[in-house]
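Reading through the structure tokens given below for one structure.
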Amino acid sequence: MAVSVDFPADVDTIYQLLTDPDFLVERSSALGEEHCECEVEEYEDETVINLERRVKRELPSFLAKMFNPVQTLKMTETWRPDGEGWEGDLEITVEGQPVVIRGEFSLKPAKKGCVYSVTHSCKAKIPLVGGKVEKFVLSQTGDGARDELAFVSSRL
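Here the sequence shown stands for residues 0 to 155, numbered as in numbering that gives the first Met the number 0.
Right, here's the structure in full:
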């Protein structure tokens, strides 16, 4: 699942927002998440974000029997400089569940600002229904990414 957004701001402005722990917690709260903690560690050649969020989701009936609608998501996002922009990868685990979301993203200059793109994949190690779980998780992840990026746009 791929999501891409053009921002009317430069790479540095968007990078500063997307790596600001206070902004990330504020964004989570604004999007209705129940709890969020964020730590950002800056190294010489990369920036690492560790974000833990508690979210409540409406679940389809086939998942409601297996999953609690309140989930704790743990994300690690690693940003690396790439020319005039940034690229990186992310991993999201669902606490207590055999589900892992992985992604690759980039933040690149554009004619009028910059463009952020992310692609997600999901692996759910659940016999018989793993494919259905992966499809649902990817749809939720895509919707969530669009909402998060719309919040960024609203702050420009």
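Glycine residues also receive a C-beta, built at the ideal position from the N, C-alpha and C atoms.
Quick check: I48 and E76, are their CB atoms within less than 8 Å of each other?
For I48 and E76, yes; Cβs fall inside 8 Å.
Should F66 be labelled buried (16 or more other beta-carbon atoms within 10 Å of its own) or exposed?
buried
For P126, write down the residues that DSSP places opposite it in a beta bridge.
DSSP lists no beta-bridge partner residue for P126.
Contiguous beta strand (DSSP E) assignments of at least 3 residues, all confined to the stretch 62 to 127
Taking only runs of at least 3 residues, the beta strand (DSSP E) segments lying wholly in the stretch 62 to 127 are 69 to 81, 84 to 93, 98 to 109, 112 to 123.
Coarse secondary structure for D5, derived from DSSP in three states
strand
Find the nearest neighbour of E94 within the set M74, T46, A144, K107, judged by alpha-carbon distance.
M74
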